Structures are given as structure tokens and as C-alpha cells.
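For the sequence shown, the numbering used here assigns the number 167 to the initial residue and increments by one for each residue that follows.
This report refers to the structure that appears directly beneath it.
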Amino acid sequence: AVCLESDLQDGQMMEVEVRHHSVLLTRSEGKYSAIGNQCTHYGAPLSKGFISGNRVRCPWHGSCFNAHTGDLEEYPGIDCLPCHKVHIQNSKVYVSINKKEKRIKSMSAAIPGVTHTILLLGGGAASLICAETLRQENFGGRIIMVTREDLLPYDKTRLSKVMNVESDSILMRRMEFFHQYDIEVWLRKEALSVDTDKKTVTFDDGSVQSYDQILISTGCRAKGLDVPGMNLGNIKMLETPEDMLTEKNVKFYMNDNVTEVRGTNGKVKDIVLKSGKVIPADVLIVGIGCLHSCFLLKLVSCPTDHQFSVLILLLQYMRTNVPDVFCGGDLAIFPLAMAKNQMVNIGHWQMAQAQGRIVALNMLNKTTELNSVPFYWTVLVGKTIRYTGYGEGYTEIIIKGKFEDRKFLALYIKDDEVIAAAGLNFDPAVSAVAERLASGKVITKKEAQSDDLSWLQLS
167 AVCLESDLQD GQMMEVEVRH HSVLLTRSEG KYSAIGNQCT HYGAPLSKGF ISGNRVRCPW
227 HGSCFNAHTG DLEEYPGIDC LPCHKVHIQN SKVYVSINKK EKRIKSMSAA IPGVTHTILL
287 LGGGAASLIC AETLRQENFG GRIIMVTRED LLPYDKTRLS KVMNVESDSI LMRRMEFFHQ
347 YDIEVWLRKE ALSVDTDKKT VTFDDGSVQS YDQILISTGC RAKGLDVPGM NLGNIKMLET
407 PEDMLTEKNV KFYMNDNVTE VRGTNGKVKD IVLKSGKVIP ADVLIVGIGC LHSCFLLKLV
467 SCPTDHQFSV LILLLQYMRT NVPDVFCGGD LAIFPLAMAK NQMVNIGHWQ MAQAQGRIVA
527 LNMLNKTTEL NSVPFYWTVL VGKTIRYTGY GEGYTEIIIK GKFEDRKFLA LYIKDDEVIA
587 AAGLNFDPAV SAVAERLASG KVITKKEAQS DDLSWLQLS
């Protein structure tokens with residue numbers, strides 16, 4: 167037995183070990199369930215996360231799993247958890263290990279004779295999840311994913327957060343996976359234009375591909391400095407696995423700007439700041455944001471107000487105003503449910519994955535709205551700061567914990583409600599806020615100010 171039947175109450179969970187495997191034991195509505203305890207995203211212990219009803223949310227990055235089935239219900243991540251058998255005998259709880267590893271949700275392949283073609287422009291998070299969701303929903307037509315990059319879809323977040331990562335280790339799926347489920351991936355191929363009347367896309371090699379439905383998720387590219395000297399050698403922008411560099415001895419120059427990059431013999435020598443300071447440099451890495459890649463596409467027959475010049479304004483269900491044209495990822499301006507359907511642009515990994523799933527379901531006429539709550543994270547000097555919600559227009563910040571202890575939770579207030587939260591070493595508080603926002607329940611300013619933090623399920 168792993169525990170007594172009375173050890174857990176409804177809405178509680180705990181980690182147990184079964185044959186050297188970490189198992190998450192939960193109880194809801196009087197029923198015990200057991201799934202793998204390690205999040206399939208980066209391996210976080212879910213027992214340190216947040217439980218609400220039949221859903222468990224990861225403390226690190228907000229991924230959600232069904233406590234009964236182990237299915238992935240909210241991103242980031244791509245795989246589901248193993249589900250183990252539970253039985254109770256003589257008031258003792260027993261768990262039998264079924265599958266020891268993470269698992270791929272059941273998927274179909276192409277069906278001979280089905281000619282319906284879905285074209286996915288871009289090889290990032292939105293396109294991959296869209297393709298997988300289509301096959302999970304038994305779509306039997308042709309799926310083509312097209313990317314200008316040399317690699318299969320990879321975890322781009324790790325480029326800036328984990329140093330010295332080999333490009334092969336960050337692939338999200340291997341080529342065998344795409345072959346098994348009949349998902350075509352065209353590498354080193356770039357879309358130049360889309361004709362939405364003829365339903366064709368023209369590529370840089372002169373080829374033309376027809377489609378029945380299309381997802382445009384071409385993402386963004388690194389933004390360069392608009393200063394003299396940017397044509398010098400040894401200037402890098404962290405954009406692909408080939409761009410990764412090792413970080414050492416970081417010094418911040420706050421409230422300043424670069425005005426010029428000076429060089430000698432064609433290479434960087436130093437950087438001039440607006441304050442007048444001159445910083446010697448052997449290598450300059452530029453990380454100042456992104457430019458959206460939609461400038462590459464010219465919609466031949468799209469209405470004037472939807473030219474792909476900046477970003478793509480979406481209607482409901484991730485649709486554009488052009489029939490059978492969908493958009494997701496960094497390019498999309500979409501209604502954010504938790505922000506009272508305010509139109510927003512959120513260029514982040516988790517949201518792109520969520521949008522890919524919603525696009526796929528709506529392509530199949532399974533009308534589904536996007537209800538995901540944004541969840542971000544960044545790693546600085548070995549510490550991870552987590553953030554959830556949408557904080558635009560906040561008027562007040564309520565702090566739990568202390569900055570000087572490097573352990574705090576910041577709750578962002580607007581109109582007497584919590585609209586976002588950021589935390590450091592305060593798990594699973596940010597995930598708790600994300601789950602409350604996702605459920606549609608308001609977190610009042612009064613509740614945020616209270617010394618009672620039990621609702622955060624702090625460990």
C-alpha cells in the first residue's frame with residue numbers, strides 16, 4: 167500500500183513511490199487517481215504544483231494535466247503522462263504501474279483517398295501542435311508543414327535559457343514521428359505569397375502548392391540595432407541553435423541606449439552608449455525584441471485592411487476575415503478571454519501552442535474558443551521568474567514576501583482585481599493564480615491584500 171484511504175481529502179495530492187517510480191496520487195470527488203509525477207515539459211514535480219478539481223497544474227511553467235487520465239490539457243509541452251491503476255482494499259490504497267514513461271496521445275494517420283490539404287506555414291510551436299491535434303482528432307487528409315529553417319520543430323525557449331544546448335537535443339519530435347503520422351515537413355522552403363482566391367501558396371523556389379485550409383504562423387525574426395556599425399563582424403542575434411553562445415560576467419547598463427557600434431579591421435571594437443560610456447567588445451549579441459515575419463507574405467486577394475504588413479487581426483476562433491485562412495503564434499492579434507476579450511498580441515511559446523490546438527479544432531468545424539491564460543518565465547543568474555496573466559494597465563502591485571530575500575509574489579491590480587502575477591521562489595503561487603484566472607474566478611484586491619495565503623497552496 168502507498169497510503170491509507172484517509173490520508174488524502176478531496177482536492178489534495180501527494181507524491182508516492184512505486185517500484186522506484188515517482189507517482190502523483192490525487193483525490194477528487196472521493197475518488198483516488200494516480201498519474202506520473204514528472205511534468206512532461208521539463209520534468210517538474212507535479213506534487214509541488216497546484217490542484218483544482220480534476221486538473222493539476224505544473225509549478226514551473228503552468229502545464230496542466232487531467233488527474234484521472236494524465237492527458238495534457240494546457241501548454242507548454244507536447245506529451246501526456248502515464249495513468250496508473252488504483253484500487254482500495256481494507257482502507258489501504260494500492261497503485262499498479264502501467265506505463266512508466268510519458269506518452270503520446272492517440273493519433274491517426276492519413277486515409278487513402280482523402281485529398282483535403284491543410285498547409286501550415288511556419289515550423290514553430292503553433293504549427294506543430296496544430297498538426298498533432300489534427301491527427302488526434304482523426305483528420306485523414308494531407309498535412310504539410312513548411313519552414314525556412316534547417317531543423318524540424320525545436321524548443322526555441324531553450325536557446326536563451328539553457329546554454330550550450332546541442333541542436334539535436336531540443337528537437338520536439340524526430341523525423342520518424344512525422345513519417346508515422348503522415349505529417350509532411352518541408353525544410354529550407356520559404357513562402358513568398360498567398361493567393362486566397364485560388365488557394366495557392368508560391369514559394370521561393372518557384373513551386374506552387376494548393377491548399378483547402380491554411381495556418382499562417384511564420385513567427386518573427388530577431389530585431390537588429392538601427393545604429394552605425396551594425397554591418398561589422400562578430401555581431402550575433404540569438405535566433406537559431408547556431409547562434410547560441412556561453413554567458414559569462416554579465417554587467418547591466420540601465421536606462422541607457424546604444425548609439426553606435428565602432429570597429430576595426432571589419433570587426434567590433436567597442437559600443438558607444440547614449441550616456442557617453444564606451445564599452446570594449448569582442449562580440450556583440452543583440453537581443454532587443456523581434457520583427458514579425460509576415461512581411462515575407464503578400465496576400466494577393468486579401469482585403470486592404472488585412473494586408474500582411476504588420477500583424478494579423480483575428481476574428482473569433484483564430485480565423486482571419488478570409489475564409490479558410492487561420493493565424494497563430496507571434497503574428498496573431500486575438501481576443502484574450504481572461505482580459506475581457508481585449509485584442510492582444512502575445513509572442514510566447516505557451517500561447518502559440520494553445521493557439522495551434524484551437525486552430526486545428528476550428529479547421530475541423532469543432533467550434534472552440536481560446537481560453538488559455540498567458541504563462542511566461544525567464545531565467546536570470548540561475549533564478550527563474552514566473553509570470554502569468556495580462557498586466558497591461560495595472561495601477562497597483564501588492565507584494566507577498568520580500569525582494570531582499572529573493573522570495574516574493576507580485577500581484578498586479580486593475581479595477582480592484584488581480585490581472586497578473588510574477589513570482590520568484592514562491593511556487594506554486596503563480597500557477598495558482600493562473601488556475602484561478604483560467605477558471606474565470608475573480609481574485610479581488612481584498613483577497614490579494616489578505617495575510618491568508620492558503621488559496622495559493624504554498625509548499
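Glycine included, every Cβ here is placed at the ideal spot set by N, Cα and C.
As the structure is a computational prediction, the values presented were derived from the model and not from experiment.
Item: Separation of V393 from M420, as counted between CA atoms; Value: 19 Å
Item: Bounding residues of the beta strand (DSSP E) (the contiguous stretch that carries C296); Value: Element bounds for C296: not the beta strand (DSSP E) but the alpha helix (DSSP H), 291–302.
Item: Start-to-end residues for the beta strand (DSSP E) that takes in V424; Value: 424–430
Item: Cβ-Cβ distance between K251 and E171 below 8 Å; Value: no
Item: Cβ separation of C246 and T206, assumed to be a contact under 8 Å, to the nearest whole Å; Value: 7 Å
Item: Helix, strand or coil at R572 according to DSSP, with G and I counted as helix; Value: coil
Item: Which of helix, strand or coil DSSP assigns to T323; Value: helix
Item: Cβ neighbour criterion (16 or more within 10 Å) applied to S199; Value: buried
Item: Where the beta strand (DSSP E) through M338 begins and ends; Value: Neither: M338 is in no beta strand (DSSP E) and is coded neither H nor E.
Item: Where the alpha helix (DSSP H) containing Q615 begins and where it ends; Value: 611–615
Item: T554 beta carbon less than 8 Å from that of V596; Value: yes
Item: Burial state of H227 (16 or more Cβ within 10 Å); Value: buried
Item: Best match in D582, S359, I244, Q482 for proximity to F500 [C-alpha to C-alpha]; Value: Q482
Item: Start and end residues, beta strand (DSSP E) containing A357; Value: 357–361
Item: Beta-carbon spacing of T283, I310 below 8 Å; Value: yes
Item: Residues bridged to A505 (per DSSP); Value: For A505, which the question treats as bridged, DSSP gives no partner whatsoever.
Item: Contact set for S274: own chain, Cβ-Cβ below 6 Å, skip 5 residues either direction; Value: R301, N304
Item: D436 - partner residues in DSSP beta bridges; Value: R428, P446
Item: Separation of N431 from P540, as counted between CA atoms; Value: 46 Å
Item: Proximity of F592 and L577 at Cβ, strictly below 8 Å; Value: no
Item: Three-state secondary structure assigned by DSSP to Q516; Value: helix
Item: Anticipated Cβ contact below 8 Å, T635 with D582, distance rounded; Value: Because the chain spans 167 through 625 in this model, residue 635 falls outside it and cannot be assessed.
Item: Nearest residue (CA-CA) to V213, options P594, A614, I551; Value: Position check: residue 213 holds Ser in this sequence, whereas Val was assumed. Checked all of P594, A614, I551; the closest Cα to S213 is P594.
Item: Rounded C-alpha distance that separates E240 from D370; Value: 36 Å
Item: 6 Å Cβ shell around Q516 - same chain, five flanking residues per side excluded; Value: Y241, P242, F541
Item: Cut-off 8 Å between Cβ atoms - residues of its own chain near T470, not counting five sequence neighbours on either side; Value: A caution first: T470 carries a pLDDT of 34, below 50, which makes its placement in the model unreliable, though a value can still be read off. Closer than 8 Å at Cβ, skipping near neighbours: no residue.
Item: I478 classed as buried or exposed, judged by whether at least 16 other C-beta atoms fall within 10 angstroms; Value: buried
Item: Cα-Cα separation between T313 and Y320, rounded to whole angstroms; Value: 12 Å
Item: Straight-line Cα distance separating I551 from C296; Value: 29 Å
Item: 8 Å Cβ cutoff met for L497 and I380; Value: no
Item: Within 8 Å, strictly: CB atoms of I524 and L450; Value: no
Item: Cβ neighbours of T235 in the same chain (closer than 7 Å, five flanking residues each side left out); Value: C249
Item: Through-space distance from R339 to I270, alpha-carbon basis; Value: 11 Å
Item: Through-space distance from V599 to V608, alpha-carbon basis; Value: 10 Å
Item: Simplified DSSP state of L527, which is helix, strand or coil; Value: helix
Item: Extent of the continuous beta strand (DSSP E) run through L191; Value: 187–194
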